[in-house]
Structures are given as structure tokens and as C-alpha cells.
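For the sequence shown, this note's numbering assigns the number 902 to the initial residue and increments by one for each residue that follows.
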Amino acid sequence: MIFYELELLGTPKINFACSVNKEKNKNSFHNIKDFIEICIIEEGISHHRYPDGKQELICPGMLSAIFSDTNCEIYGEGRQRHTTVGVIVPYNLTRYNSEEECDIHALKDRMRKNVLILIPYQYPIDDICEKLIGMIKNISQLHLSTTPSDKIKAIGAWYSLTALLTDFVLKKLDKTNNFIPSEQLYAEKAIKYISCNYQKKLSIAEIAEQLELSTGHLHRIFKNVIGMSPIEYLNHIRVKAAISLMQNQKLSLHEASVNVGIDDPAYMSRLFRKVTGLSCREYMSLEKKS
């Protein structure tokens, strides 16, 4: 996991907070001073291209962050849906290209003495994804409000967002200390591959082949690091993506299932109940009431 340590040198000013729906996405960032963007990819794949020729794929369920050292072109084909918030604030930053680069004890000691924020960089955040989206939407409502005090609340809500991300990074760092570094790396590569390919027919054997592991070895690593098997994780991702398609594009479960790599509607119905504990109709009915 790549992540950033930020020390804010002032009070952040909300620049924007919104959900964006586009058929295509194209943007560029070239070392924008005092800028921080936290973006959750909900639909579509975002391609990040860097000056050295390196490219990254940012897939649904991943966090994409922009900092003052970011220099890249961003583009996406097809339907794109992102929920994002950007702030302007002076800050110092330190980049860690892996968990192993960070002395967790020294970091925690610094955090006891200073207010520091930790933000993951281009990383899957499935377990807190929906919560982050809700928090950004709340920031958006407060920021657009005509009530003066809501502007202050929006800044407070942004701090709460970064506090959640800081806890997320710290938990990952604490877990890393209990794992063999290579296991953590393999698990992260598997998660990213699943995130970018769940829309097509995908087998655990294919994932293992991509990582040059046996299926049994991949299963053991994934279970140890993530807490569930690769197929359980894939099923969760597919059901979550199907729910998003039904909510945002008004697709039926059958239509959504085809878009997440499952052609059999009966199997998708069983999988939906297994993952959520409810039938699709029951789940969507509860969502409407809430």
C-alpha cells in the first residue's frame, strides 16, 4: 500500500464536493500547490498516465487521491461515476511507497505530538467505501448550504473523513507487522486484479496464474491477510457492484448481473441472498425506505 503522511499548516477550505456522472472522463494534474483531492471510484475504470510512461488503473471500490506532488493525465472511457472532495490548504507531505518504508512506532509517536493525516494512494477501500461516499455527500450538502454555520460543519466533516482514512491506514500498518511482507503484497495485487476484472467471467485459477501462485497458496494468503477466501471476496465485490448498478442506473438484477460477470440470474439471486442476507426485492425495498 502506498500512502501519504500529511501535516496541515492551516485550515482547509472546501474547493468542491460532489458526485460526478460522465460518459467519458479526462483531466490532468500537474503539481497543484496546496491541493488535496479524495475521490471514490464508483463506476468505470480511471486510467492514470504519468510522465515516465507508467500507467495505473483505478477501479470501482478504490480511492484515488491527488496531492501537490501528483503529475499525471487521467482519462476514462464509458460511463464514469465518482464521488469526490477537494480542499485547498498548505501542508507538508511524506510519501511511503510501501508499508515496510514506514516505522509504525515512530509514526505513532509523531502522531501523539502533532496532528497528522494518513491517506492511502490509489487503493481498494471496500470495507469503508460506502461510508466514505456518504461522508463526502454530507460535505457537499453542508458546503452548498446558505447557512453560514454549515460552512464550518463542512470543514469538520472533512476532518472526520480524513480521520476515518487515517484509522484505515493505521489498521493496515498494524496488520502488516503480523504478516510476511510478500503475503501482504500478493493479497493487494489479487484485490486490484479482482477490482479491475470482476465484470467478466473470472476464476480463482486465473487470479492465481496472474500472480504466479497455486490456487491453494493464493487461498491461504488471502484468508490470512483479508479474512475471507478469494471467491468470497469476489462475490462481495460483484453483489456490491450489482447493487450500485440497480440504484444508479435502474437496472434489474438480471441486467446488473450480466454487467458483473454472472450470466445465470438464478445463481445471482442465490448469491445476493448469501452476501446480503436478503433477497434482492427485500434489500431494495429497505433501501427505498431508508
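From the three backbone atoms N, C-alpha and C, an ideal C-beta is built for every residue, glycine too.
DSSP on residue i, reduced to helix/strand/coil?
i	result
L1179	coil
L1008	helix
S947	strand
M1147	helix
R980	coil
I1056	helix
N1136	helix
S969	coil
P1129	A small fix is needed here, since residue 1129 is Met in this sequence, not Pro. It is coil, neither helix nor strand.
S920	strand
S1153	coil
V1161	coil
K914	strand
K934	coil
K1141	helix
Compare the beta carbon distance of residue i and residue j with 8 Å and say whether it is the shorter of the two.
i	j	result
C1192	I946	Limits of the chain in this structure are 902 at one end and 1191 at the other, which puts residue 1192 out of reach.
F1123	A1157	no
W1266	I1040	Since the first and last residues shown for the chain are 902 and 1191, residue 1266 lies out of range.
L1179	M1169	no
R1139	G1117	no
Take the Cβ of residue i as the centre, count every other Cβ of all protein chains shown within 10 Å, and call the residue buried at 16 or more, exposed below.
i	result
N1136	buried
G977	buried
H983	buried
P991	exposed
I1053	exposed
F1069	buried
S929	exposed
Residue ranges of each alpha helix (DSSP H) within the region 1059–1127, 4 or longer: 1082–1098, 1105–1112, 1116–1127
Pairs of beta-carbons, one from the region 1020–1033 and one from the region 961–970, closer than 8 Å: are there three or more? Contact annotation: the region 1020–1033 touches the region 961–970, with at least three C-beta pairs closer than 8 Å.
Whole alpha helix (DSSP H) elements within the region 997–1049, 4-residue minimum: 1005–1014, 1030–1045, all fully within the region 997–1049.
Contact between the region 906–913 and the region 1002–1022 is defined here as three or more beta-carbon pairs at a separation below 8 Å; is this criterion met? yes
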